[in-house]
Amino acid sequence: MDDKQLQEWVEEISQRSFGVPFLHQASFNRRLRTTGGRYFLKNHNIEINPAQLQTYGLDEVEKIIKHELCHYHLHLSGKGYKHRDPEFKALLQKVDGSRYCQSLPGAAKRRTLPYRYKLICVRCGMEYKRKRKVDPARYRCGRCSGVLKLHTI
Ligand SMILES: [Zn+2]
Ligand SMILES: [Zn+2]
């Protein structure tokens with residue numbers, strides 16, 4: 819898929835799910851890494867991460883596009899367009915958009931890191947997943963108060 823096809827796709831989704839035309843530019847940006855897409859407040863353009871298409875397929879990318887279009891239409895109509903705004907949440911739910919995207923300037927940053935560590939209780943075997951490295955000596959098992967050991971996943 820190239821930028822022209824993406825543009826047509828975004829226009830089509832805008833019309834079908836929002837009933838309003840998309841009048842700006844949509845393009846792929848290969849430099850986006852962990853982000854599905856983003857919306858630019860300055861010029862109203864949308865960028866989509868092409869890697870998402872290979873990894874997750876058309877359905878998931880359509881949801882990302884819907885997410886960006888929620889920002890787009892709410893912003894242009896002067897409504898709450900940020901992630902925490904009720905209008906944004908309601909519209910996103912209505913069109914069944916993805917919940918994930920890069921945080922907008924001014925919006926609260928939310929990072930979704932993968933779980934890379936786990937604390938395992940040496941007594942009962944209970945596991946606690948952790949995204950960051952922690953000092954196991956500072957914690958005890960919540961179930962049996964046993965000593966914990968840190969493992970990488
Ligand atoms: Zn967003
Ligand atoms: Zn335990």
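In this note's numbering, the protein residues as written are 819 to 971. Ideal Cβ positions, reconstructed from N, Cα and C, are used throughout, including at glycine. Remember, predicted model here, so these are calculated numbers, not experimental data.
Residue burial classification, residue i (beta-carbon count within 10 angstroms, cutoff 16)
| i | result |
| --- | --- |
| Gly924 | In this prediction, Gly924 scores a pLDDT of 37, lower than 50, which makes its location untrustworthy; no coordinate-derived value is stated. |
| Ala844 | buried |
| His969 | exposed |
| Cys962 | exposed |
Presumed contact (8 Å Cβ cut-off) between residue i and residue j, rounded CB distance
| i | j | result |
| --- | --- | --- |
| Glu865 | Arg856 | 5 Å |
| Leu966 | Arg948 | The Cβ separation is near 10 Å, so there is no contact. |
Where residue i falls: helix, strand or coil (DSSP)
| i | result |
| --- | --- |
| Tyr957 | coil |
| Ser916 | coil |
| Val965 | strand |
| Phe836 | helix |
| Ile831 | helix |
| Leu931 | coil |
heavy atom of ligand 3 below 6 Å from residue i C-beta
| i | result |
| --- | --- |
| Arg956 | Inclusion of ligand 3 in the displayed structure is not the case, the ligand content consisting of ligand 1 and ligand 2 alone. |
Residue i beta carbon near ligand 2 (any heavy atom closer than 6 Å)
| i | result |
| --- | --- |
| Met819 | no |
What are the start and end residues of each continuous alpha helix (DSSP H) run of 4 or more residues lying completely inside the region 872-920, in chain order? For the region 872-920, whole alpha helix (DSSP H) runs of length 4 or above, ordered along the chain, are 904-913.
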